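This report refers to the structure that appears directly beneath it.
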Amino acid sequence: MPDSSSIHDKMLLEPVNRVFSKSVKIHGSKPKAVAWSNQERQFRRFQIFAGLFPLIPSETSFSINDLGCGYGAMFAAYKDLPEFKNASYYGYDISIEMLLEAKKHLNDPRASWIQSHLATEEADFSFVSGTYNLNMDADKDQWRTY
Numbered sequence: 005m006p007d008s009s010s011i012h013d014k015m016l017l018e019p020v021n022r023v024f025s026k027s028v029k030i031h032g033s034k035p036k037a038v039a040w041s042n043q044e045r046q047f048r049r050f051q052i053f054a055g056l057f058p059l060i061p062s063e064t065s066f067s068i069n070d071l072g073c074g075y076g077a078m079f080a081a082y083k084d085l086p087e088f089k090n091a092s093y094y095g096y097d098i099s100i101e102m103l104l105e106a107k108k109h110l111n112d113p114r115a116s117w118i119q120s121h122l123a124t125e126e127a128d129f130s131f132v133s134g135t136y137n138l139n140m141d142a143d144k145d146q147w148r149t150y
């Protein structure tokens, strides 16, 4: 895996980290905290990803990496699905405040909350939902390369 502590990555991501850390303090566990216009649109994205679950044989365990997990809305959407009962979920975010919000509301042994901008665990599925849309004032070429 790439070095997750590179200075270049930190320079690009620190403004994003500040925005989302502030946003979750203001909005809490709400779609607005992670720049979704409403819960319906956010949930619809999760439904699209969940369309992959029927491809997994029943009773088979699987794992998900959620890069940019925010306050854990994806896990909250999936945790009670029958197909998800044997799943492992790894939620990654650069904002410790977002992860603390997730841990506060989603205490489940299937979920791990990790402060990182890179996946640190191998998983059957890796999902990124809207994470790369907010690049603040980063140089477009640098952001694209990142």
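In terms of my numbering, the sequence shown opens at residue 5 and continues consecutively.
Ideal Cβ placement from N, Cα and C applies to all residues, glycine included.
In this text the structure is predicted, and so the values were computed from the model without any measurement.
- Checking the DSSP bridge columns, you'll see D128 has no partner listed.
- For G55, the number of other beta carbons within 10 angstroms of its own is below 16, and it is reported as exposed.
- Taking C-beta atoms as the reference points, A106 and Y82 fail to come closer than 7 Å.
- Between E87 and P61 the beta-carbon gap is near 10 Å, outside 8 Å, which marks them as no contact.
- Of the other Cβ atoms in all chains shown, 16 or more fall within 10 Å of the Cβ of S99; this residue is therefore buried.
- Counting only residues of its own chain and dropping the five nearest sequence neighbours on each side, V132 has a CB closer than 7 Å to the CB of L71, G72.
- Taken atom to atom, the span from the alpha-carbon of N90 to that of F47 is near 21 Å.
- Apart from sequence neighbours up to five positions away, the residues of its chain that approach L17 with a beta-carbon distance below 8 Å are I98, H121, ordered along the chain.
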